[in-house]
Amino acid sequence: MSLQIGIVGLPNVGKSTLFNALVKGAKAEAANYPFCTIDPNVGVVEVPDERLSPLAQVSKSEKIVPTVIEFVDIAGLVRGASKGEGLGNQFLAHIRECDAIAMVVRFFEDGNIIHTEGKVDPVSDIGTIETELQLADLSTVEKRLYSVEKELKARSKESEVAHSALQKIKDTLNAGKNAHETNLDDQETELIKNLALLTMKPFLYIANVSEEQIQSESVKTKISETISRIKKSEPVIISAKVESELNELSDDEKKEYLEALGMEETGLNSLIKKAYELLGLITYFTSGEKETRAWTANKGATAPEAAGVIHTDFQKGFIAAEVVPWQDLYAQNGWAGAKSKGLVRTEGKEYIFQDGDVTIFRFNVKK
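Residue numbers (numbering that gives the first Met the number 0): 0 to 366.
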């Protein structure tokens, strides 16, 4: 399954710098003036996973294929974007199909980098961005309501449900809340899904900090408490500057630098883990001589649903799945050893895949 995350924020908060750091080799323009990003920047990032290498080792795989995330960086929003201020909000269309929205919030102080609001105020910045996203959604909802109200004349049950859902969302947005805070039933949720409302998506909050801030546990704790208090969400704390510098280093140098900063992992790793947690995703593996590959599935996916991530034919013709936890496959030096110890299970259609499962699917190709 393809995972796509849209990056939003005010101008000059470090969005494009962060994008370039996340997507190695990317050339998104990052400059000390508003709106240096006009066209959307799109980049694909391999998801780091420390389990791939040991699995490939015991399977004697010819290659390793990690799963990927696509990031979409759009022009910065400003207060009044819905009314045409700055570059307006027309660029929001580029992230409507994204699975989640990552909001970059500036916490670093730098007199050489102007702030469009005149001062660094993360709480106010979050409010500004969310208000603009809400107003964009309100415009979408009102247009759809106008159409549905015409359909109501035909007394269609579907249009009645859609109208109810849209009115509820409109009330939520008018109250200054995000669309996902609306209390909708399953049928209502399904009927408004095609609107791809921005504030219906899950949000990641990225606190962009300085090199000094990222080394201070007390500062990071204060930042986490600030965002958690207003958004009930634990932020990902990243220094875009540090991430950029890490990209220039060898693996050994990178490890030393992280240790010097008191960091256990890169900001990219933290961001991806948070995204998987937020979206309810797991990673499972296939591993053999040809390749060891990571696959992304929804948490709670049944064996046929997990198989469908590889190919729809796998799901349609599913027979069974041979499954073993990756630690057991590695500890027993591959499939033969794991089978000899009775660690490989044969699972049917009801089996719920777990993060870290390694599998071989058995299926019939239906013609």
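The beta-carbon is built from N, C-alpha and C at its ideal position, and this holds for glycine as well. Just so we're clear, the structure is a prediction, and the values are computed from it rather than from any experiment.
Could you give the residue range of the beta strand (DSSP E) that holds residue i?
| i | result |
| --- | --- |
| T345 | 344-346 |
| P324 | 317-324 |
| N19 | Careful: N19 lies outside any beta strand (DSSP E), inside the alpha helix (DSSP H) at 14-21. |
| L280 | 280-286 |
| N297 | 290-297 |
Could you please give the first and the last residue of the uninterrupted alpha helix (DSSP H) stretch that includes residue i?
| i | result |
| --- | --- |
| G371 | What is shown of the chain runs 0 to 366, which leaves residue 371 out entirely. |
| G42 | Taken as a continuous stretch (DSSP letters only), G42 belongs to no alpha helix (DSSP H), being part of the beta strand (DSSP E) at 40-45. |
| K340 | Counting along the chain, K340 falls outside any alpha helix (DSSP H), and DSSP gives it neither H nor E. |
| E252 | 250-260 |
| I168 | 156-173 |
In chain order, what residues of the same chain have a beta carbon less than 6 Å from the beta carbon of residue i, not counting five sequence neighbours either side?
| i | result |
| --- | --- |
| L196 | D136, A178 |
| Q353 | none |
| F360 | A306, F313, A320 |
| K23 | N246 |
| L132 | L197, T198 |
| I191 | A164 |
| F362 | F313, G316, F317, I318 |
| T330 | The sequence shown places Ala at residue 330, rather than the Thr named in the question. Closer than 6 Å at Cβ, skipping near neighbours: no residue. |
Can you name, in chain order, every residue of its own chain whose Cβ lies under 7 Å from the Cβ of residue i, other than the five neighbours on each side?
| i | result |
| --- | --- |
| Y32 | Unreliable placement is indicated for Y32, whose pLDDT of 36 sits below 50; the coordinate value is still reported in the next sentence. No residues qualify anywhere along the chain. |
| T358 | Y283, T285, A320, E321, V322 |
| G279 | N297, K298 |
| G126 | none |
| E233 | S223, S227 |
| I128 | V7, G8, L9, L76, M102 |
| R143 | L165, L194 |
Quick one: what's residue i bridged to in DSSP?
| i | result |
| --- | --- |
| L203 | A101 |
| G5 | V71, I100 |
| F362 | F317 |
| K62 | E290 |
| D136 | None; D136 has no bridge partner. |
| I351 | T301 |
| V357 | F284, V323 |
Closer than 8 Å by C-beta to residue i: which residues in its own chain qualify, once you throw out the five before and the five after it? Chain order, please.
| i | result |
| --- | --- |
| K219 | V208, Q212, I213, I236 |
| K167 | T181, N182, L183, E187 |
| E61 | E288, K289, E290 |
| R367 | Within the shown structure, residues of the chain are numbered from 0 to 366, placing residue 367 beyond reach of any answer. |
With three or more beta-carbon pairs closer than 8 Å as the criterion, would you say the stretch 284-299 touches the stretch 247-262?
no
Given 8 Å, three or more beta-carbon pairs between the stretch 149-161 and the stretch 192-208
no
Which runs of the alpha helix (DSSP H), 4 residues or longer, sit entirely within the stretch 175-240?
185-191, 210-213, 216-230
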